[in-house]
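Okay, so here's the structure we're looking at.
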Amino acid sequence: MELTKAQFKTLFDTYYNPLCNFCCRYLKDRSDVEDVVQDVLVKLWQNKDKIHLQKDVKYYLFTSVKNKAIELIRSRKRKGEILDTLIPEKFFEDPVGDEADSTILKEKLYNSIRQLPPKCQEIFVMNKVNGLTYNEISEELKISSKTVDNQMRRAFKLLRDKFGITK
Amino acid sequence: MSIVKSLKNIINSDDEKKVDMWLKDYNANSEVLNEILTEDADLSFLKDYQEFNTPSAWDKIESQIQDETVATKPKGREIAMIFKVAAAGLVLLLSVFAIKPFLSSTSMAAGMETFAYDSRNELNLPDGSSIIVDKGSSVEYNKLNFTDERHLAFEGRAYFDIAKSSEGNNFLIENEDFTVEILGTEFEINTLTDTPAVIVTEGKVRVSTADESVIITANESVSIVDGTIVKETVNSNNVKSWITGELAFENQTMDKVIEDLEHHYNVDIETNEVDLSCTWRATFENDALDVVLNELKETRGASYDTNGNIITISNISCQ
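In order, the protein sequences belong to chains A and B. Under numbering that gives the first Met the number 0, the first residue of the first sequence is numbered 0, with each subsequent residue one higher. Under numbering that gives the first Met the number 0, the first residue of the second sequence is numbered 0, with each subsequent residue one higher.
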């Protein structure tokens, strides 16, 4: 696989956060999560000449992160550091593809929401992510519900523009 | 409202570029986004989405990127499998668990193909052989000369259906402990345990270590115990249970039950005050080990204790 350092940096910047979030399905500890993801990305760089990808690099990365995370859990179980068997078997069965795509979608949404103007962003998140009604938001932020409504329209417009959705 | 807080962070200029790139790469997603970004959309699935510090992670790993010859981790069990085929339409069953991540294996020649699987999959090889590869497995071969030299490396667990070679050329398996030469058969290899084993269910196989060589046939197995080949008779209908997920005990004695459980779940089971001649009748389908142990507890009054990969079963007497 041809990969320059600059391309690798872009890959790293693009996938680091979604991979970490994906890895959180398997590992609770944030530093474990980051270790696993960094390890996988570094391996990709070190083995770039040997890897022949059949599909998009994202599937390779997500699969490797999953395998690495499970490997870590198993090795801890073997060493007796984890005594319970709380990991549902389905974690070992689920195909990674869909999960990779949905994590990437989340990353995309998350990033775009972060780029909304502060007030707009706050209101959008309160309503769409945390499920507060316009009335609840207007009480909480001490603004009129007309303002909430306006900000929401603005948020949708900005997001749609961002994603090139015409509506 | 943790996301509110994290989203309040100052937007850095990289985000702009990042999302533009997403859009470029993932145009296919715009349809999904079109559906998501409606007035009544529920984005509560973003609630748990976290932000990790990408720049600081990059700083941490950048030194390893500069130096490509950075020290690699100590090697685990190296699995290099080579097969030899002597008869037509062979089916073989391999179960090789490697501890070492596949991609850190030693240098690969040109033409090497590597496949990594996260779910059960079928892979068709250039010579017409096919492999059912279990989740968490990787397969590697050289596509340039595979039909001449049928060498295959893999880790994980796989079921092989080996095509007859018109040139009669070899299909070889070898690993750190032994070499397997396939003489027309159906069998399993497991190198995860302390005593790596080959179990034959059909036909025959030659197993060789550096010092010894032995041929085993149907319902026989060999284990490598401290470097020595130990041949045994296999009396189990659960040899393939890890593939089918079905584990059946038809009034089997406890010693056989325990052997099958160890094999199926790849664990070590120790016993304490267990009458190994007691029989047990039970069937399981894709059940976790806990379920089996609980059943044993309920039907046989056994107690069990888990310590890492070692399970101790206690107090079974025949009633």
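Just so it is clear, CB atoms sit at the ideal spot from N, CA and C, and this is done for glycine as well.
Under the assumption that residue i contacts residue j (Cβ atoms under 8 Å), give the Cβ distance between them as a whole number of angstroms.
| i | j | result |
| --- | --- | --- |
| glutamine 37 of chain A | lysine 59 of chain B | 7 Å |
| phenylalanine 7 of chain A | isoleucine 64 of chain B | 7 Å |
| threonine 208 of chain B | isoleucine 223 of chain B | 6 Å |
| alanine 115 of chain B | tyrosine 59 of chain A | 7 Å |
| threonine 252 of chain B | serine 276 of chain B | 6 Å |
| leucine 124 of chain B | phenylalanine 145 of chain B | 7 Å |
| valine 138 of chain B | isoleucine 130 of chain B | 7 Å |
| isoleucine 198 of chain B | arginine 205 of chain B | That pair is no contact at about 14 Å. |
| leucine 26 of chain A | valine 35 of chain A | 7 Å |
| leucine 36 of chain B | arginine 159 of chain A | 6 Å |
Using CA atoms only, rank isn't needed, just tell me which of the options is closest to residue i.
| i | options | result |
| --- | --- | --- |
| valine 56 of chain A | A:Val32, A:Asp148, A:Arg77, A:Tyr14 | A:Tyr14 |
| lysine 78 of chain A | B:Val199, B:Tyr48, B:Gly307, B:Asn123 | B:Gly307 |
| threonine 9 of chain A | B:Glu61, B:Val229, B:Glu34, B:Glu50 | B:Glu61 |
| isoleucine 112 of chain A | B:Phe51, B:Leu45, B:Leu275, B:Asp254 | B:Leu45 |
| glutamate 249 of chain B | B:Lys239, B:Ser235, B:Ser212 | B:Ser235 |
| valine 64 of chain A | A:Asp48, A:Thr146, A:Val128, A:Glu33 | A:Glu33 |
| asparagine 218 of chain B | B:Ser302, B:Val238, B:Ser212, B:Val206 | B:Val238 |
| glycine 202 of chain B | B:Thr216, B:Glu258, B:Val290 | B:Thr216 |
| valine 128 of chain A | A:Lys145, A:Arg24, A:Leu108, A:Ser144 | A:Leu108 |
| cysteine 22 of chain A | A:Glu1, A:Asp48, A:Thr146, A:Ile103 | A:Ile103 |
| valine 227 of chain B | B:Asp210, B:Val233, B:Asn33 | Reading off the sequence shown, one finds threonine at residue 227 of chain B, where the question assumed valine. Measuring from the Cα of threonine 227 of chain B, the nearest candidate turns out to be B:Asp210. |
| threonine 146 of chain A | A:Cys19, A:Asn110, A:Cys119 | A:Cys119 |
| proline 54 of chain B | A:Ser144, A:Phe11, A:Asn149, A:Gln150 | A:Phe11 |
| glutamate 38 of chain B | A:Lys161, A:Tyr133, A:Ser30 | A:Tyr133 |
| leucine 71 of chain A | A:Ser30, A:Glu1, A:Gly130, A:Pro117 | A:Ser30 |
| arginine 73 of chain A | B:Asp274, B:Tyr264, B:Ser128, B:Val256 | B:Tyr264 |
| arginine 280 of chain B | B:Asp274, B:Val290, B:Asn293, B:Thr298 | B:Thr298 |
| leucine 18 of chain A | A:Gln114, A:Ala5, A:Ala68 | A:Ala68 |
| asparagine 20 of chain A | B:Gln49, B:His262, B:Ser212 | B:Gln49 |
| glycine 163 of chain A | B:Ala301, B:Glu294, B:Asn33 | B:Asn33 |
| phenylalanine 51 of chain B | A:Leu2, A:Glu1, A:Glu106, A:Lys47 | A:Glu106 |
| alanine 40 of chain B | A:Ile50, A:Lys76, A:Leu131 | A:Leu131 |
| asparagine 46 of chain A | A:Asp28, A:Pro116, A:Thr3 | A:Thr3 |
| asparagine 16 of chain A | A:Leu40, A:Ala5, A:Glu1 | A:Leu40 |
| aspartate 289 of chain B | B:Gly127, B:Glu261, B:Asn120 | B:Glu261 |
| glutamate 1 of chain A | A:Ile142, A:Asp48, A:Ser144 | A:Asp48 |
| leucine 115 of chain A | A:Ala5, A:Lys161, A:Asn66 | A:Lys161 |
| threonine 278 of chain B | B:Val256, B:Val266, B:Asn293, B:Leu292 | B:Val256 |
Starting from the beta carbon of residue i, find every residue of chain A whose beta carbon is closer than 8 Å, and list them in chain order.
| i | result |
| --- | --- |
| threonine 377 of chain B | Since the first and last residues shown for chain B are 0 and 318, residue 377 of chain B lies out of range. |
| phenylalanine 44 of chain B | Lys105 |
| isoleucine 315 of chain B | Chain A residues near isoleucine 315 of chain B: none, gap ~21 Å exceeds 8 Å. |
| leucine 36 of chain B | Phe155, Leu158, Arg159, Phe162, Ile164 |
| alanine 115 of chain B | Tyr59, Thr62, Ser63, Asn66 |
Spell out the partners DSSP gives residue i in its beta bridges.
| i | result |
| --- | --- |
| serine 220 of chain B | B:Ile198, B:Glu231 |
| asparagine 123 of chain B | B:Ser129 |
| isoleucine 214 of chain B | B:Arg205 |
| valine 128 of chain A | Per DSSP, none; premise fails for valine 128 of chain A. |
| aspartate 267 of chain B | B:Ile309 |
| glutamate 148 of chain B | None, per the DSSP bridge assignment. |
| glutamine 251 of chain B | B:Trp279 |
| tyrosine 58 of chain A | Answer by DSSP bridge pairing: none, since tyrosine 58 of chain A is not bridged. |
| tyrosine 133 of chain A | In the DSSP output, where bridge partners are listed per residue, tyrosine 133 of chain A has none listed. |
| valine 32 of chain A | Answer is none; valine 32 of chain A lacks a bridge partner. |
| glutamate 284 of chain B | B:Glu245 |
| isoleucine 142 of chain A | Looking at the DSSP assignment, isoleucine 142 of chain A forms no beta bridge with any residue, so it has no partner. |
| tyrosine 303 of chain B | B:Ile312 |
In chain A, which residues lie less than 7 Å from residue i when you measure between Cβ atoms?
| i | result |
| --- | --- |
| glutamate 50 of chain B | Asn16 |
| asparagine 308 of chain B | Lys76, Arg77 |
| tryptophan 241 of chain B | Result: empty, since nearest Cβ-Cβ is about 12 Å, beyond 7 Å. |
| alanine 56 of chain B | Tyr15, Glu33, Gln37 |
| isoleucine 268 of chain B | In chain order: nothing, as chain A lies at least about 14 Å away. |
| alanine 247 of chain B | Residues of chain A passing the Cβ test: none, with the nearest at roughly 19 Å. |
Which chain A residues are close to residue i, counting only those with a beta carbon under 9 Å from its beta carbon?
| i | result |
| --- | --- |
| leucine 295 of chain B | Here the premise fails: no neighbours, minimum Cβ distance about 16 Å. |
| alanine 281 of chain B | Correct list: empty, because the minimum Cβ distance to chain A is about 19 Å. |
| glutamine 251 of chain B | Within 9 Å Cβ-Cβ: nothing; glutamine 251 of chain B doesn't reach chain A, min ~24 Å. |
Residue i versus chain B: which residues are under 7 Å apart at the beta carbon?
| i | result |
| --- | --- |
| asparagine 20 of chain A | Tyr48, Gln49 |
| tyrosine 109 of chain A | Leu45, Tyr48 |
Counting only Cβ pairs nearer than 9 Å, list the residues of chain B close to residue i.
| i | result |
| --- | --- |
| lysine 127 of chain A | Ala40, Asp41, Leu42, Ser43, Leu45 |
Consider the C-beta atom of residue i and the heavy atoms of the ligand PLP; say whether any pair is separated by less than 7 Å.
| i | result |
| --- | --- |
| tyrosine 59 of chain A | You won't find the ligand PLP in this model; it holds no ligand whatsoever. |
Give the residues of chain B in contact with residue i, contact being defined as C-beta atoms less than 8 Å apart.
| i | result |
| --- | --- |
| leucine 40 of chain A | Ile60 |
| cysteine 23 of chain A | Asp47, Gln49 |
| lysine 4 of chain A | Ile64 |
The region 136-147 of chain A in contact with the region 93-113 of chain A per 3-pair CB rule at 8 Å
Contact between the region 136-147 of chain A and the region 93-113 of chain A is absent, because fewer than three Cβ pairs lie under 8 Å.
Would you check if there are 3 or more beta carbon pairs closer than 8 Å linking the region 261-280 of chain B to the region 307-317 of chain B?
yes
Contact the region 231-247 of chain B vs the region 279-295 of chain B: 3+ CB pairs below 8 Å
yes
Can at least three beta-carbon pairs, one atom from the region 123-131 of chain A and one from the region 145-158 of chain A, be found at a separation below 8 Å?
yes
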